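Using numbering that gives the first Met the number 0, you'd call the opening residue of the sequence shown number 0 and step up by one each time.
Have a look at the structure below before the remarks.
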Amino acid sequence: MGKARPRTAAFRTLLSLTQRLALRALVLPILMSVLILPISQALAWTITADFESGTLGQMAQGPTGFSVGGGMTQTTFDNTRPNTGTKSAKAFINAGNEGWGEWGGLFVNGASPYFHSPVGQGGELWFRMYVWFPSDWNWQTGTYIKIMRVLISPGSAKISLLANRFGGIVGNSEVVNQNYGSSVSYSLGTWQFIEMYIKLHATPGQGIFRAWKNGVLVFENTTHPTLPSSSHSATDLYVFSQWNDGSPVNQSCWIDDIKATTFQPANRDAQGHYMIGAIGGEGQAPTAPGSLRVAP
Ligand SMILES: [Ca+2]
0 MGKARPRTAA
10 FRTLLSLTQR
20 LALRALVLPI
30 LMSVLILPIS
40 QALAWTITAD
50 FESGTLGQMA
60 QGPTGFSVGG
70 GMTQTTFDNT
80 RPNTGTKSAK
90 AFINAGNEGW
100 GEWGGLFVNG
110 ASPYFHSPVG
120 QGGELWFRMY
130 VWFPSDWNWQ
140 TGTYIKIMRV
150 LISPGSAKIS
160 LLANRFGGIV
170 GNSEVVNQNY
180 GSSVSYSLGT
190 WQFIEMYIKL
200 HATPGQGIFR
210 AWKNGVLVFE
220 NTTHPTLPSS
230 SHSATDLYVF
240 SQWNDGSPVN
250 QSCWIDDIKA
260 TTFQPANRDA
270 QGHYMIGAIG
280 GEGQAPTAPG
290 SLRVAP
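Now the structure itself:
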């Protein structure tokens, strides 16, 4: 971090006093924030994806999109319905398809361009996205539709936000084979932001799983473990990925402004729980789209 300030005398002379003061104002708080990070957050990171820099019609992966190799074939950079900027990702699913490899995308642990690290016992993970489902969206399914997921490794267990066939928000943990119901549905015909939070812990009473819609708590569970063992960790993040029993019709939705972080956000919900919340209100130092901010 200290290298952020130019060191050569020649360079210093190019900086006006005002510029130096501005640099100091920027760098000092960052240094201080790193120094006071607890050891458990030593590898804290933030991922952001706003889909602004990709090629229209191409798979929505790479800088500003999903991980390289984590894109899905029918989910592309699109400029017809941005939440912010001029682009978002249009996620198409074919009638009769479950959408795997087609609908959504992954942030893969250790993969370019993010290289985010696993989140283990005692760690906390926030994961938010904006999503727009059209007003004639058809939720039909015999079971559930995956919306946002966190992979627990090693193994294949996931902690997820699902949709039921009425468009209701349902939580699910494959760690403890539990569903968490809610009285809240995904909205149609408007942008909404959906967020999940997991405190990762293998001890009952120490793990936490929460979800919000538009910054309002949808459900929480504080009694079930969120890891199978203390040596497991959260690794990959999924958007969509599988429509159990297949989509009833050809249909597209849009996603934008994904943010995932292990830094404690400044925002809180009405109950006082920390959350990322709405874009622009995250209360953290800005992070460039597609970047990964890692504290040493
Ligand atoms: Ca965007």
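Cβ atoms here follow ideal geometry from the backbone N, Cα and C, with glycine treated the same way.
Fair warning: this is a prediction, and the values are worked out from it, not measured in the lab.
Rounded to whole angstroms, what's the CA-CA distance from residue i to residue j? Just pull it up for me.
i, j, result
"Gly119", "Asn93", "36 Å"
"Gln205", "His223", "8 Å"
"Ser246", "Glu97", "6 Å"
"Trp131", "Trp242", "17 Å"
"Gly141", "Leu55", "34 Å"
"Gly122", "Gln250", "37 Å"
"Glu281", "Val248", "36 Å"
"Val238", "Phe208", "17 Å"
"Ala233", "Trp136", "31 Å"
"Arg267", "Thr79", "32 Å"
"His200", "Asn176", "16 Å"
"Gly109", "Pro203", "29 Å"
"Ala269", "Gly214", "9 Å"
"Asn163", "Tyr143", "5 Å"
"Ala90", "Thr72", "9 Å"
"Gly53", "Asn220", "38 Å"
"Tyr196", "Asn178", "15 Å"
"Lys86", "Gly64", "11 Å"
"Lys145", "Lys212", "16 Å"
"Trp102", "Ser186", "19 Å"
"Gln303", "Cys252", "Only positions 0 to 295 of the chain appear in the structure, and residue 303 is not among them; the question remains open."
Checking 9 Å against the spacing of the C-beta atoms, do residue i and residue j come in under that value?
i, j, result
"Leu160", "Leu236", "no"
"Gly100", "Phe50", "no"
"Met128", "Phe192", "yes"
"Trp138", "Tyr273", "no"
"Gly70", "Gly104", "yes"
"Lys258", "Thr45", "yes"
"Phe165", "Ser184", "yes"
"Ile158", "Thr225", "yes"
Ordered along the chain, which non-local residues of its own chain (more than five positions away) have a Cβ less than 7 Å from that of residue i?
i, result
"Gly188", "Pro133, Ser134"
"Trp190", "Asn82, Tyr129, Trp131"
"Tyr113", "Ile46, Ser66, Phe106, Leu291"
"Asp244", "Thr140, Gly141, Thr142"
"Leu27", "For Leu27, the pLDDT reaches just 44, beneath the cut-off of 50, and the residue's location in the model is therefore unreliable, although a value from the coordinates is still provided. So the list is empty, once near-sequence residues are dropped."
Taking the beta carbon of residue i as the centre, do at least 16 other beta carbons fall within 10 Å, making it buried, or is it exposed?
i, result
"Ser230", "exposed"
"Thr261", "buried"
"Phe106", "buried"
"Gly279", "exposed"
"Ser66", "buried"
"Ser172", "buried"
"Ser240", "buried"
"Gly271", "exposed"
"Glu194", "buried"
Can you find a heavy atom of ligand 2 that lies under 8 Å from the Cβ of residue i?
i, result
"Glu281", "With respect to ligand 2, the structure offers nothing, as its ligand set consists of ligand 1."
Using a Cβ-Cβ cut-off of 8 Å (strictly less than) and excluding sequence neighbours within five positions of residue i, which residues of its own chain qualify?
i, result
"Ser181", "Gly167, Ile168, Val169, Gly170, Ala210, Val217, Phe218"
"Gln57", "Thr75, Phe76"
"Pro227", "Ile151, Gly154, Ala156, Val174, Ala201"
Please return the same chain residues whose Cβ sits closer than 6 Å to the Cβ of residue i, not counting the five positions on each side in sequence.
i, result
"Ala88", "Phe50, Ala59, Thr74, Ile254"
"Asp256", "Asp49, Asn82, Thr83, Tyr129, Ile278"
"Ser42", "The question names Ser, but residue 42 is Leu in the sequence shown. Result list for Leu42: Ser116, in chain order."
"Gly61", "Val67"
"Ser111", "Val67"
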